[in-house]
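Here's the structure we're looking at; comments come further down.
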Amino acid sequence: MDSALSGGSVALYLFFLLLPGLLGSFIYDYFLEGEPRENSDKITTALILTLLSSIIMHYAAHTPILPNIEITTGTRVDSIINAFIAKNLLYTSALSSMIAFVFAIINNHGLIYSLMRRLGLSMKAPANDVWQKMLYANQGFWIAISFRDGRRLTGWPEMFSSMGRPREIFLAEATWYDLNEAGEVITSDIEGPGVYLSNFDDVVAIEILR
Numbered sequence: 370m371d372s373a374l375s376g377g378s379v380a381l382y383l384f385f386l387l388l389p390g391l392l393g394s395f396i397y398d399y400f401l402e403g404e405p406r407e408n409s410d411k412i413t414t415a416l417i418l419t420l421l422s423s424i425i426m427h428y429a430a431h432t433p434i435l436p437n438i439e440i441t442t443g444t445r446v447d448s449i450i451n452a453f454i455a456k457n458l459l460y461t462s463a464l465s466s467m468i469a470f471v472f473a474i475i476n477n478h479g480l481i482y483s484l485m486r487r488l489g490l491s492m493k494a495p496a497n498d499v500w501q502k503m504l505y506a507n508q509g510f511w512i513a514i515s516f517r518d519g520r521r522l523t524g525w526p527e528m529f530s531s532m533g534r535p536r537e538i539f540l541a542e543a544t545w546y547d548l549n550e551a552g553e554v555i556t557s558d559i560e561g562p563g564v565y566l567s568n569f570d571d572v573v574a575i576e577i578l579r
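If you're matching positions, the sequence shown starts at 370 in this note's numbering and goes up one per residue.
Have a look at this one:
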C-alpha cells in the first residue's frame, strides 16, 4: 500500500493540511442561504478557514501551524497521517466548522451589513434572492398568485424553493378564483393537499395577504 501511495505523498499532505478548511467550506455552503457560490470562492474560503483555525489552535493549544515533517515523494503515508493526528486534526477541523457555521448564520441575517450601515460605512445590503427574502420574511402569511389570464390562486405557502432559480412553491388549502362569461367570480377549493407550481411565466403578481 505504501508503494502504491508513495507517489502521492505531497498530494496527501496537502489534503490533510487543507482538510479543516475544506470541511468548514462545506459547512458554510450548507447553511448559507443564497445562490450557490463559485468553486473559486469555495477554495478561497477553505484556505482562509484552514489558516484561521490553525492560527487559533497554535495560540490556544500551542500546536504547530504546520506539522513537523519533511515531505518528499518517498515519505511514508503513515508518517503523514501520524503527523496530522499529532497536530490535533480533529480539533482543528471542528474549530473550522464552528467558525464557518457562525459566519453563515451571521451572513444569513445580514448582521455585518447592518452594523456597517449603522456606522455609516456602507449602504450595501446582503445579496439575498428577492424570492427567498419575500417568503422567509413573511412566514405566517397566506399568499395570492395572480395570473395573466385573470385567475387567482390563494393558499398557504407550505413549501417553497430556497432561491428563485428554479422557482417552486406548494400551496396548501388552496383555492382558485376565476371569472365566468358574466364577470362573476367562481371559486374552486382544491380537495387534495394543495397545488404545486413550477412555471411562473404567466404570473403577474404574488400578494402577501393579512
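Every residue gets a Cβ at the ideal spot worked out from N, C-alpha and C, and that includes glycine.
Where residue i falls, given that 16 or more other Cβ within 10 Å makes a residue buried
| i | result |
| --- | --- |
| Thr556 | exposed |
| Asn604 | Since the first and last residues shown for the chain are 370 and 579, residue 604 lies out of range. |
| Phe510 | exposed |
| Ser483 | exposed |
| Gly390 | buried |
| Ile424 | exposed |
| Gly524 | buried |
| Ser538 | First, the residue type needs correcting, since residue 538 is Ile and not Ser in the sequence shown. Buried, because 16 or more other Cβ atoms sit within 10 Å of the Cβ of Ile538. |
| Pro436 | buried |
| Ala380 | exposed |
Strand pairing of residue i, partner residues [DSSP]
| i | result |
| --- | --- |
| Pro526 | Leu540 |
| Val572 | Phe516 |
| Gly563 | Ala541 |
| Arg521 | Ser515 and Tyr546 |
| Ser557 | Trp545 |
| Ile454 | Bridge partners of Ile454: none, in fact. |
| Leu578 | Trp511 |
Supposed contact pair residue j and residue i - C-beta distance, whole angstroms, cut 8 Å
| i | j | result |
| --- | --- | --- |
| Phe569 | Arg536 | 5 Å |
| Ala469 | Ser394 | 7 Å |
| Gly519 | Leu540 | 18 Å between Cβ atoms; not a contact. |
| Leu388 | Leu458 | 7 Å |
C-beta contact flag for residue i and residue j at 9 Å
| i | j | result |
| --- | --- | --- |
| Ile575 | Ala506 | no |
| Tyr397 | Phe516 | no |
| Ile434 | Tyr382 | no |
| Ser465 | Leu392 | yes |
| Trp500 | Phe453 | no |
| Val573 | Leu522 | no |
| Met492 | Tyr460 | no |
| Ser531 | Ile449 | no |
*asked:* With a threshold of 8 Å, are at least 3 pairs of Cβ atoms found where one atom belongs to the stretch 478-492 and the other to the stretch 390-409?
replied: Judged by Cβ distances under 8 Å, the stretch 478-492 makes no contact with the stretch 390-409, as fewer than three pairs qualify.
*Per the contact definition of three or more C-beta pairs closer than 8 Å, is the stretch 410-422 in contact with the stretch 484-491?*
In this structure the stretch 484-491 does not lie against the stretch 410-422, because fewer than three pairs of beta carbons, one per stretch, are closer than 8 Å.
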